[in-house]
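Presented below is the structure to which this report refers.
Have a look at this one:
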């Protein structure tokens with residue numbers, strides 16, 4: 001059932017308009033330039049075959065959608081996991097204890113990534129790294145973390161920025177960093193790899209190189225407040241050609257940095273919205289639950 005344009009729910013949308021019929025229409029864009037617009041409606045949401053239903057849930061019926069090439073035609077929709085009042089986790093928050101986690105597989109995988117709600121979302125075992133979650137009144141839909149530094153090998157680049165300097169976003173493919181900080185970071189990556197840089201890298205990448213058999217691809221650690229998240233090559237590089245690798249961390253032209261989903265591949269990432277923390281644990285997501 002469509003939602004009227006003059007309803008309070010429609011005004012909760014950051015960007016909305018009114019159809020000729022008087023129905024509420026939404027417009028939403030993401031950090032990787034994916035985009036969706038359409039009508040706001042209500043429906044009963046069902047999860048799997050467990051008989052769990054959430055009636056009268058709000059959702060967007062997308063009539064115009066622009067997806068990123070990395071989805072390879074596999075994606076049929078977008079799930080709102082942000083802190084906005086109309087996101088799925090906000091709508092069902094009381095019923096799931098305001099907790100959820102996901103475990104993302106590489107784009108090339110034939111399996112599906114996992115999304116878990118409630119107590120089952122809590123990460124158990126060793127190797128869990130947790131960092132404070134920050135929600136800013138000026139950007140109420142986003143989850144911010146404090147990135148203190150990035151370490152490449154034995155060398156580190158501090159951000160020198162205040163708390164809440166990077167958004168964690170499962171819906172944005174690449175990781176975006178403030179340009180001057182990114183330049184210092186890439187200099188360390190080039191030094192560690194010792195490779196010849198590929199000229200004229202394809203947009204939006206700014207550092208690509210030709211991979212050779214036996215090449216040692218460096219690990220990189222994102223040092224969040226209280227949590228060191230060690231990224232492996234699959235979190236750092238995308239293969240664009242037979243042997244062309246590009247760094248999946250690029251400079252941004254926006255006022256805030258983003259920790260994207262390539263960097264989160266094969267991590268279980270838990271959001272405890274009441275406890276205000278995000279936790280990371282290296283995980284073989286193909287074997288999870």
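Numbering (full-length UniProt numbering), first residue to last: 1 to 289. We treat Cβ as the ideally placed atom computed from N, Cα and C, and that holds for glycine. Predicted model only: the values in this text are computed from it and were never measured.
Boundaries of the alpha helix (DSSP H) harbouring residue 179: 179-193, taken from the DSSP string.
Taking C-beta atoms under 8 Å as the contact rule, residue 24 and residue 7 qualify, at a distance of about 7 Å.
For residue 65, the beta-bridge partners assigned by DSSP are 36.
Boundaries of the beta strand (DSSP E) harbouring residue 24: 24-29, taken from the DSSP string. Per DSSP, the continuous beta strand (DSSP E) segment holding residue 130 begins and ends at 129-132. Note on residue 18: under 16 other CB atoms within 10 angstroms of its CB, so exposed under the neighbour-count rule.
Here residue 148 is actually not in contact with residue 59; their C-beta atoms are around 37 Å apart, not less than 8 Å.
Contact holds between the stretch 266-275 and the stretch 92-101, because three or more Cβ pairs, one in each stretch, are under 8 Å apart. Around residue 39, the same chain offers 2, 23, 25 and 61 as residues with beta carbons nearer than 6 Å, after the five sequence neighbours per side are excluded.
C-alpha of residue 5 to C-alpha of residue 234: approximately 44 Å in a straight line. Exposure of residue 29 is indicated by the presence of fewer than 16 other C-beta atoms within 10 angstroms of its C-beta. Ranked by Cα distance from residue 154, the first of 133, 221 and 245 is 221. One alpha carbon belongs to residue 270, the other to residue 103, and they sit about 9 Å apart.
Distance from the CA atom of residue 217 to the CA atom of residue 193, rounded to whole angstroms, is 7 Å. Annotated as proximal: residue 268 and residue 123, with beta-carbon spacing under 7 Å. Contact check for residue 257 and residue 129: beta-carbon distance about 19 Å, past the 8 Å limit, so the pair fails to qualify.
Non-local C-beta neighbours of residue 93 in its own chain, meaning closer than 8 Å and more than five positions away in sequence, comprise 273, ordered along the chain. Under the three-state reduction of DSSP output, residue 95 falls in the helix class. Out of 285, 33, 34 and 42, the CA that lies nearest to the CA of residue 10 is found in 42.
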